[in-house]
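Colleague: Numbering follows numbering that gives the first Met the number 0, with no gaps: position 220 of the sequence shown is 219. Sharing a structure below in structure tokens format, with a few things to ask.
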Amino acid sequence: MTFVPTGTNWMIEILSLLRNKGDPTWCNSVPIWLRSPWYETIEGQSQIKDVVPPRVLTSHLPFHIFAKSFFTSKAKIIYVMRNPKDILVSLFHFSKMLHLYKEPKSLPEFFEDFLQGNILYNSWFDHVKGWMQMKGNKNFFVITYEELHEDLRDSVVRICEFLGKDVDDSLIDLVVKHSSFNVMKENKMSNYTLISENFMDHTKGSFMRKGITGDWKNHFTVAQNEYFDDFYKKKMKDLNMTFFLGTI
Ligand code: A3P
Numbered sequence: 000m001t002f003v004p005t006g007t008n009w010m011i012e013i014l015s016l017l018r019n020k021g022d023p024t025w026c027n028s029v030p031i032w033l034r035s036p037w038y039e040t041i042e043g044q045s046q047i048k049d050v051v052p053p054r055v056l057t058s059h060l061p062f063h064i065f066a067k068s069f070f071t072s073k074a075k076i077i078y079v080m081r082n083p084k085d086i087l088v089s090l091f092h093f094s095k096m097l098h099l100y101k102e103p104k105s106l107p108e109f110f111e112d113f114l115q116g117n118i119l120y121n122s123w124f125d126h127v128k129g130w131m132q133m134k135g136n137k138n139f140f141v142i143t144y145e146e147l148h149e150d151l152r153d154s155v156v157r158i159c160e161f162l163g164k165d166v167d168d169s170l171i172d173l174v175v176k177h178s179s180f181n182v183m184k185e186n187k188m189s190n191y192t193l194i195s196e197n198f199m200d201h202t203k204g205s206f207m208r209k210g211i212t213g214d215w216k217n218h219f220t221v222a223q224n225e226y227f228d229d230f231y232k233k234k235m236k237d238l239n240m241t242f243f244l245g246t247i
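Here it is in structure tokens:
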């Protein structure tokens with residue numbers, strides 16, 4: 000469960016590897032969207048039935064319209080978050096490629112659309128605030144893109160613990176190795192190069208773009224950064240959460 004583009008596919012790769020004891024064969028032979036079908040798409044709904052349990056499903060849906068059956072099921076949710084400034088930059092670039100998204104004219108214009116939630120899946124702020132109502136629930140685990148980046152090994156251990164999987168050193172090593180940015184970038188089953196030109200213009204960029212933290216510093220002006228911080232503080236003031244505050 001994520002907002003866009005937060006590290007959704009990175010998490011799918013990690014979970015695909017965990018599901019297969021670290022063996023990358025599945026990741027190297029089946030497109031990522033079939034390994035973890037999208038809950039909210041018509042294609043995803045028809046693909047879900049072909050996935051052998053335990054199933055990994057993906058969704059960007061906001062909390063208030065997510066399936067109510069989840070709350071009485073044994074399913075578990077991993078909610079990945081990312082610094083919203085980096086999400087803004089990543090989405091700006093991705094929106095130029097994916098025909099489904101409105102092509103942004105300029106970063107300043109997209110900047111305002113992002114803050115106001117005038118983008119697909121609406122507001123990042125509301126998405127996070129909605130899902131954070133689940134925080135503390137035993138079937139809900141929160142992890143950030145930045146944590147995955149800083150210490151992938153420790154992150155995978157914590158994911159295993161949440162899923163009730165045995166933490167085995169050699170398994171963790173395999174997951175870390177095969178879910179790295181460079182490995183995923185070269186894997187056509189995971190790097191979205193299989194998506195046809197009808198949906199994605201591959202001449203306008205790459206889905207596996209930079210894979211770094213803090214790229215917003217290369218894009219925001221000082222004034223934009225201050226404006227964003229101010230907006231963030233006002234929007235998130237009711238949330239008992241310190242993620243990104245002070246570090247953004
Ligand atoms: P950038 O555009 O900043 O490079 P999502 O899967 O939610 O759409 O997120 C896409 C973002 O995650 C992109 O960010 C992409 O490069 C990054 N990403 C995907 N796999 C990654 C990995 N293994 N390591 C680090 N970043 C990864």
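For glycine and all other residues, C-beta sits at the position ideal for the given N, C-alpha and C.
(1) Please report how far the alpha carbon of Thr-143 lies from the alpha carbon of Thr-5, in whole angstroms.
(2) So the alpha helix (DSSP H) Met-96 belongs to, where does it begin and stop?
(3) Under 8 Å, do Met-183 and Met-199 count as touching if we go by C-beta distance?
(4) Could you spell out where the beta strand (DSSP E) holding Met-80 opens and where it closes?
(5) Output needed for Leu-16: all residues of its chain with C-beta closer than 7 Å, excluding positions within five of it in sequence on either side, in chain order.
(6) My output table needs one value for Asp-228: the three-state DSSP class, helix, strand or coil.
(7) Shortest alpha-carbon distance to Leu-99 belongs to which of Thr-40, Arg-54 and Asp-165?
(8) Which of the three DSSP states, helix, strand or coil, is assigned to Phe-124?
(9) Nearer than 7 Å: is that true of the beta carbon of Val-50 relative to any heavy atom of the ligand A3P?
(10) For Phe-230, which residues of its own chain have a beta-carbon under 6 Å away from its beta-carbon, when the five flanking residues on both sides are left out?
Modeller: To lay it out plainly:
(1) 8 Å
(2) 83-96
(3) no
(4) 76-80
(5) Pro-23, Cys-26, Leu-173, Val-174, His-177 and Ser-178
(6) helix
(7) Thr-40
(8) helix
(9) no
(10) Leu-114
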